[in-house]
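Mapped onto our numbering, the consecutive letters of the sequence shown carry residue numbers 15 to 133.
Cβ atoms here follow ideal geometry from the backbone N, Cα and C, with glycine treated the same way.
This structure is a prediction, so every number in the text was calculated from the model and none was measured.
Data block below; observations after.
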Amino acid sequence: MYTLTVNNNYIHNIEASNGVTISKNKKHTFNDRGSLVLRIPGMADMNFIDLADKKLPGYPQPKETWGVLVRYSNMEAYYRYEGSGTLNATFDTLGTCSLTTSNGSMLPISIREFVIETN
């Protein structure tokens, strides 16, 4: 499990899929998180997908045991950690998010969001 701290400096409140509302100019810490969705009005949802010990195909790095995939606005961050993970998401007044960690490894990756298959 990991801890997610959200700092909301955005012009609107941010709502989480577990019912928590983070008022503008406030912060909230989600302890022992699994998967979670943050709803940022006027922007895209930010999806934190708990991967547990599953590795993403095609991404041998990072090597840590536990993982989270973060998807937001056509971008992804692949985060892995040992023990207790720590993520910090800070939203500025324009809705731009800075995602950081003090425990583990995180790297930007690209995963297709939509696949069209034809026969």
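Roughly how many whole angstroms lie between the Cα atoms of residue i and residue j?
i           : j           : result
residue 122 : residue 133 : 33 angstroms
residue 6   : residue 89  : As shown, the chain starts at 15 and ends at 133. That puts residue 6 outside it, with no answer to give.
residue 98  : residue 47  : 10 angstroms
residue 110 : residue 28  : 13 angstroms
residue 93  : residue 76  : 8 angstroms
residue 19  : residue 106 : 14 angstroms
residue 26  : residue 17  : 23 angstroms
residue 33  : residue 74  : 35 angstroms
residue 114 : residue 102 : 5 angstroms
May I ask you to report which of helix, strand or coil DSSP gives residue i?
i           : result
residue 34  : coil
residue 124 : coil
residue 87  : coil
residue 132 : coil
residue 4   : As shown, the chain starts at 15 and ends at 133. That puts residue 4 outside it, with no answer to give.
residue 29  : strand
residue 107 : coil
Rank the options by C-alpha distance to the C-alpha of residue i and give the top, closest one.
i          : options              : result
residue 23 : 88, 112, 126 and 92  : 112
residue 95 : 101, 109, 104 and 78 : 78
residue 15 : 34, 33, 44 and 106   : 44
>> With three or more beta-carbon pairs closer than 8 angstroms as the criterion, would you say the segment 33-43 touches the segment 61-68?
In response: no
> For the 8 angstroms Cβ check, are there 3 or more pairs between the segment 51-59 and the segment 68-75?
Replying inline: no
>> Across the segment 110-125 and the segment 78-94, are there enough close Cβ pairs to call them in contact, namely three or more that are closer than 8 angstroms?
In response: yes
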